[in-house]
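To start, the structure itself, in structure tokens.
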Amino acid sequence: MIKPILFSVCLTVIAFSSCKKSSSNNVTPVCDGSTPTYDANVETIISGRCIGCHGSGSSNGDMSNYVKISNYTANGKFEKEVLKNQSMPTSGPLSESELNMLGRK
Ligand code: HEC
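Going letter by letter, the sequence shown gives residues 25 to 129 in our numbering.
Shown next as structure tokens:
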């Protein structure tokens, strides 16, 4: 009876250690093995934390949909403000898991 338990403990340890944040420049994997998508993951973060100031037509930068946000991911400003400097959102940086979801390097 003890053996299966030990085995599953080992598997758990392996599963978690393979998910450690690497110190190299690779994107940190999302630890549940899924691939984040805009609709399933990113949209929730944007509408919860950004849309109040970055809604449609906003002069701060319109981030109301995928195409609009793509302008900021393409010119590097999204990465700079949100992932590197973490100056956005203004109320404080996103959580670790949110940052990883967005592909922090
Ligand atoms: C409380 C209001 C507020 C919230 C919430 C907020 N922002 Fe901003 N954001 C601003 C303002 C104001 C500016 C313009 C600042 C400036 O130009 O100096 C800005 C600028 C930016 C810029 C740079 C745009 C440019 O053209 O230079 C990016 C990228 C950005 N925000 C992303 C985000 C993201 C992503 C979130 C959510 C995770 C977020 N912001 C949440 C107010 C906010």
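Note that CB positions come from ideal geometry on N, CA and C, so glycine has one too.
- Around the beta carbon of asparagine 124, 16 or more other beta carbons lie within 10 angstroms, which makes this residue buried.
- Of the candidates Ile93, Ala98, Lys101, Ile93 places its Cα closest to the Cα of valine 66.
- In the three-state scheme derived from DSSP, where H, G and I count as helix and E and B as strand, glycine 57 is classed as coil.
- The DSSP-derived three-state label of methionine 125 is helix.
- A distance below 6 Å between beta-carbons, with the five flanking residues on each side excluded, links glycine 79 to the following residues of its chain, in chain order: Ser88.
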